[in-house]
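The next block holds one structure in the form of structure tokens; read it before the comments.
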Amino acid sequence: MTDPTSGAAARLIEIQDRIAKAARAAGRDPRSVHLIAVSKTFDAEAIKPVLDVGHRLFGENRVQEAKAKWPGLRAHYPDVELHLIGPLQSNKTKEAVELFDAIHTLDRPKIAKAIADEMQRQGKRLKLFVEVNTGEEPQKAGIMPAEAGAFVAHCRNDLGLDITGLMCIPPVEEEPAVHFAFLSKLARECGLAELSMGMSSDFEAAVELGATYVRVGSAIFGHR
Ligand SMILES: *Cc1c(COP(=O)(O)O)cnc(C)c1O
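By the numbering used here, the letter at position 174 of the sequence shown is numbered 208, and the numbering carries on one by one without gaps.
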């Protein structure tokens with residue numbers, strides 16, 4: 035059995051506590067912030083203690099890895115909610131729509147169209163976030179900020195997608211709060227309520243600036 039006073043389960047509870055404190059300090063309802071436990075690279079044995087303390091929201095960044103781990107875990111924990119937080123290739127769309135409840139990385143018309151078609155085919159609706167390359171880094175995924183509004187409109191009007199919110203991964207060497215504030219403003223302009231932002235090193239700043247989903251991996255499961 036899981037010992038909730040040590041290891042990943044204890045760290046998860048501690049992170050939830052810090053999220054709640056950061057939310058209250060910002061005058062927000064702590065229940066408006068969802069903690070995605072990012073379990074990439076960790077196996078089922080490492081994930082189970084976190085499931086055993088009642089956590090159900092998890093993130094993975096690779097379709098193949100998630101497919102190897104989660105169907106088995108879901109047999110025992112059927113109410114798990116699984117979010118894809120890594121890049122999606124269009125040839126993996128079918129598997130991604132089968133496996134995940136949300137995708138955080140819509141960033142181009144081709145992948146948006148593939149997801150729309152596949153959701154229709156499977157009769158399944160996922161929560162969808164548009165990833166914005168807030169640092170405008172050439173090598174990085176995400177739509178450029180100047181194109182975000184038009185892309186969200188295209189997803190909604192031409193593809194019939196119900197976009198949930200925006201997501202970003204700030205450049206490592208920059209102050210993340212600047213990017214969180216920027217994403218928050220962009221979401222307001224697009225009329226989107228949800229913000230996926232903040233990781234192990236900066237989730238409290240993200241909560242302060244309006245994050246509704248924080249994606250925390252190493253602070254829960256340990257170093258990768
Ligand atoms: C791995 C990953 C995270 C979690 O990062 P940590 O620093 O381990 O908390 C969050 N978001 C994305 C997109 C990731 O790939």
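From the three backbone atoms N, C-alpha and C, an ideal C-beta is built for every residue, glycine too.
When DSSP assignments are scanned along the segment 193-231, the uninterrupted stretches of beta strand (DSSP E) that are 3 or more residues long and fall wholly within it turn out to be 197-201 and 228-230. Residue pairing by DSSP puts residue 70 in a beta bridge opposite 249. Rounded to the nearest angstrom, the Cβ distance from residue 164 to residue 201 is 7 Å, consistent with a contact under 8 Å.
Taking residue 114 as the centre and dropping the five residues before and after it, the same chain places the C-beta of 90 and 108 closer than 6 Å to its C-beta, in chain order. Contact between residue 175 and residue 198 fails: their C-beta atoms lie close to 18 Å from each other, not under 8 Å.
It is roughly 33 Å from the alpha-carbon of residue 80 to the alpha-carbon of residue 168. Under the DSSP assignment, residue 127 falls in the alpha helix (DSSP H) whose first and last residues are 127-133. In this structure, the straight-line span from the alpha carbon of residue 217 to that of residue 62 is close to 18 Å.
Residue 93 sits buried, since 16 or more C-beta atoms from the chains shown fall within 10 Å of its C-beta. With 5 Å as the limit between CB and the heavy atoms of ligand 1, the residues that fall short of it are 72, 95, 119, 233, 234, 249, 250, 251 and 252. By a beta-carbon distance limit of 8 Å, residue 246 contacts residue 228. Their separation comes to about 5 Å.
Between residue 161 and residue 136, the gap from beta carbon to beta carbon is short of 9 Å.
Note on geometry: alpha-carbon atoms of residue 59 and residue 66 lie some 14 Å from one another.
The straight-line gap separating the alpha-carbon atoms of residue 142 and residue 257 is approximately 31 Å. DSSP places residue 164 inside the beta strand (DSSP E), whose first and last residues are 161-165. Proximity to residue 127 across 187, 97 and 111 peaks at 97, based on C-alpha coordinates.
DSSP places residue 116 in the uninterrupted beta strand (DSSP E) bounded by 115-118.
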